[in-house]
Structure formats: structure tokens, C-alpha cells
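This report concerns only the one structure given below.
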Amino acid sequence: MPAKIDGGIFSGMFSPHDQRAVMSGLGDKFLTDLAWSVRGAREDLAEFRKWQPAWFPSMSRRCLANLIHDRIWARLVAAVDGTPGIETIDREPVREIWISQKYQVRFKRHHPEDKISTYPTAAALEFWAQGSQLPSLEAITLGAGYRWIAQERRVGPAVISYRDGKDNPLWAVELDEPGESADTIGWRPITRPDLPTVDLFDVTRINERDEEGSLS
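Counting in this note's numbering, the sequence shown runs from 699 upward without gaps.
If you want it as C-alpha cells, here you go:
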């Protein structure tokens, strides 16, 4: 697998700050499978509540999160199995999916303001930290999962985020609910005052300037 490195830039126009470029790189197949997996996990949770309604109110947040995570993961692994360019890694405690040997995706519940929870191990903190604000030559790390509606203890829409640290999303998008016959999935960017605005033209100019300097 390619390793994430600090620094480095592409000579082209691509930037991981560009939501459209990243979503295009992930591909319709993965996005659709993710949306269906989140929807399926939501239905699984509803079935669980019907099966044991007395258990649900006393379940800890961690237990509930683990249950939802397992159902999304199981459904998504089955959906992408055999898909060219997609590789799943399930070596506890690490569960992740690689797409096109470029996008390294881990699965997280997204809280308000798109914060996530993780054990503060060195490896986990390194995964979520971006080594540079410039586009990386190697792996682009992303969070994927669902928005958690805490007041209702409910699974919301599927979410993908690009972040610099677990509490610092640089951008986030929500996926539309999947249609019964559609092979593509719509998505919408999350806009909040705390999310940064990235000037992609400035990133491109930095790329060009660095490229010129490397040739001089």
C-alpha cells in the first residue's frame, strides 16, 4: 500500500481540498454502496429495537456505536467484494478500505460539527492529521460513515469528511438516500461558519511555483 507522507504536491490540478475531485475519485460504485450500507444499518438497528425494545434504552453509547459500525462494515465489505481497485483491510483494531491505492478510508460516526471519536493512539492521531495543507503525493485519508442524531439515537445520512485531526474537518459532504434502481448517488456539501474556505486557485499557483523551482 502507498504510505501517507508529509508534504509533496501533484503537478496537476488535483487537490484533496476539492470535494468534487475527491468524490469523483471515490467513484459511483463506492459511494452508492456506502449509502446503501448506512441505510441497511439503520434498518438493522430498527429491527434490533423491535426484537428487544427493553434493551435499547440502557445500551451504552459505545455499545450502540459498535453495533452500528459492525453492521455498516459487514454490509459494505459484502457490497464491494470483487470490485476492481477496492481493497478491504480488517485487522483489528484497523478496519479500512483502500480505493485506487489512493484513498484510505476509515469508518466513523460523525457527531455535531462533524467531530469524530477515536482512541488517541499515535497511529490513530497520525492517520487523521494532514502532514501538509498542500495536496499529498500519496494516500489521502478520509472519514466515512454516518451522521449520528444523538437526541433520537438515530442513524442519519451517510457522510464523508476530509480532516486535519479528529475535531477539525476541512470539508464534509452528506450522501443522498439511495434509489432502488440508481447506479449513482447524489451528495451535498455541508456548509458551516467554522469550516474553512479553501482557494483552490492559490493551491494551483503554489504547485506551479514549486514545480518551476524544482526545475531551476
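Yeah, the Cβ is synthetic: ideal placement off N, Cα and C, and Gly gets one too.
Remember, it's a predicted structure, so these values are computed and weren't measured experimentally.
Three-state class that DSSP yields for residue i in the structure shown
i    : result
K813 : coil
A777 : helix
E875 : coil
P867 : strand
G783 : coil
H715 : coil
I770 : helix
P887 : strand
E881 : The sequence given here has Asp at residue 881, not Glu. Coil.
R851 : coil
D788 : strand
W753 : coil
D862 : coil
S735 : helix
S758 : coil
Q831 : At Q831 the pLDDT is 46, less than 50, meaning the model places this residue with poor confidence and gives no usable figure here.
Residue span of the beta strand (DSSP E) that contains residue i, given as start and end
i    : result
T839 : 838–847
C-beta atoms of residue i and residue j nearer than 9 Å
i    : j    : result
V720 : Y860 : yes
V803 : K727 : no
P855 : W734 : no
D865 : K806 : no
V857 : A870 : yes
I888 : E872 : yes
G723 : I797 : yes
G863 : H808 : no
T839 : Q828 : yes
Residue i versus residue j - alpha carbon distance
i    : j    : result
G783 : Y801 : 10 Å
E915 : F754 : What the structure shows of the chain is the stretch from 699 to 914, and residue 915 is not part of that stretch, so it cannot be assessed.
P751 : I795 : 33 Å
A822 : R769 : 22 Å
A763 : R845 : 12 Å
P791 : T819 : 11 Å
P867 : S713 : 16 Å
A837 : T781 : 19 Å
L743 : V736 : 11 Å
D731 : W826 : 23 Å
C761 : G725 : 32 Å
R886 : R718 : 10 Å
M757 : I883 : 33 Å
R793 : Q799 : 16 Å
D881 : L729 : 10 Å
H715 : G841 : 14 Å
A772 : I766 : 10 Å
T786 : P810 : 28 Å
Which residues DSSP lists as bridging residue i, in chain order
i    : result
R807 : Y844
Q802 : W796, T839
A744 : Note: A744 sits in no beta bridge, so no partner.
V857 : G843, E872
Residue interval of the alpha helix (DSSP H) (run including residue i)
i    : result
A821 : 820–826
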